[in-house]
Amino acid sequence: MNKKKLIEIMHDEFGYSKDLTKNDVKDMIEFMFDSIKSHLVQGEPVSIVGFGKFDVRNRVERIGRNPQTGDALVVPATKSPSFSPSKNLRDLVRKG
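The number in our numbering is simply the position in the sequence shown, starting from 1, with 1079 added.
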């Protein structure tokens, strides 16, 4: 599923009863994603009960290898977004 499909599903489910246009639904979904992103940029985790936790992981500097030459090189420290699914979500996916 992509964002466009998510907007269509949300609009079909809630739009008619609340007089929401697809643009209204799109704005709400984009606001939600923007809020998650802004909290992560500030280093704050975002937890959604029953779904999971978005967080930022600090990766330390390490020595890597150039796969073509085999030369050692320094891979700099960086931050990386991560997602940990809740137990609920893991169980649902496992059951199919």
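Where a beta carbon is used, it is the ideal one built from N, C-alpha and C, also for glycine.
Can you tell me the Cα-Cα spacing of P1146 and P1160, whole angstroms? 25 Å
Pairwise C-alpha distance: G1129 and F1162: 13 Å
Could you please give the first and the last residue of the uninterrupted beta strand (DSSP E) stretch that includes N1137? 1131 to 1138
Out of curiosity, what's the CA-to-CA distance linking S1149 and K1116? Position check: residue 1149 holds Gly in this sequence, whereas Ser was assumed. Spanning the two alpha carbons is a distance of roughly 37 Å.
CA-to-CA distance, F1093 to E1123, given in whole angstroms: 30 Å
Go ahead and label I1086 buried or exposed: buried means 16 or more other beta carbons lie within 10 angstroms of its beta carbon, across all protein chains shown. buried
Contact check, L1119 vs V1135, beta carbons under 8 Å: yes
G1131 vs S1165 beta-carbon contact at 8 Å: yes
For K1082, tell me which candidate among M1107, R1141, T1157 has the shortest Cα-Cα distance. M1107
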